[in-house]
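Numbering (the numbering used here), first residue to last: -17 to 192. What follows is a short report on a single structure.
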């Protein structure tokens, strides 16, 4: 099994930079109230090698540092890191393998988006900004058990049907978002929660006008 020492200085330099980015972006999940305790994760793929950096499993957000971020290959094998990677690592790896233009993936359990996921409903497109950000409704993906690449497969299959959407609500689980980098995926996660909350509020008033 390859270790980070087997990679070129260029790759190791990018790993260092991406670890810093991914560590910092996890604090944005807290800032925008998208996660609680240790739930949720951010990852970013490298450009210089088939590797990605992801949050460790079970480590509280206040203890996250660049050095605690875990480096994995695109099969989900650990290449560098003292901690076990997120339980969603296999799903992130599947997404990167099957969506080569994606360089950032985020998963949260944000309240309103996850509530829509629990009901198995798309978030309807009732705002112009949703058209801009998502190209239509935020779709619901199939129910899949956690801990394997099955969720990642469901994300990919759903987003192929909704190619303009950077987000999918995995049924009974929560939102996954993608981006050209991790920051883009974090933005998509924040926007998903915003439209989930707004569309829920609209339904309390009356029917949503598509």
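Don't be surprised by glycine CBs; every beta carbon is placed ideally from N, CA and C.
Query: Whether residue 171 touches residue 159 by CB criterion (7 Å); Result: yes
Query: Beta-carbon contacts of residue 173 that lie in its chain and below 6 Å, excluding the five residues immediately before and after; Result: 115
Query: Other residues of its chain near residue 68: CB distance less than 6 Å, five sequence neighbours each side excluded; Result: 23, 36, 37, 39
Query: Where residue 140 sits in the DSSP three-state scheme; Result: helix
Query: Burial state of residue 181 (16 or more Cβ within 10 Å); Result: buried
Query: DSSP three-state assignment for residue 55, whether helix, strand or coil; Result: strand
Query: Neighbour-count burial assignment, residue 95, 16 or more Cβ in a 10 Å radius; Result: buried
Query: Own chain, CB closer than 8 Å to residue 2, minus 5 neighbours either side, in chain order; Result: 48
Query: Cβ-based neighbour list, residue 27, same chain, cut-off 6 Å, excluding 5 preceding and 5 following; Result: 34, 78, 85
Query: Whether residue 125 touches residue 103 by CB criterion (7 Å); Result: no
Query: Status (buried if at least 16 other CB within 10 Å, exposed otherwise) for residue 147; Result: buried
Query: Residue range of the beta strand (DSSP E) that includes residue 152; Result: 149 to 152
Query: Beta-carbon proximity check, residue 137 vs residue 150, cutoff 7 Å; Result: yes
Query: DSSP beta-bridge partners of residue 89; Result: 23, 158
Query: Whole-angstrom C-beta distance between residue 9 and residue 45, which should lie under 8 Å; Result: With 8 Å as the limit, residue 45 and residue 9 do not qualify as a contact, their Cβ atoms being about 12 Å apart.
Query: Residues sharing a beta bridge with residue 4, DSSP; Result: DSSP output for residue 4 lists no bridge partner at all.
Query: One or two residues paired with residue 62 in a DSSP bridge; Result: 53
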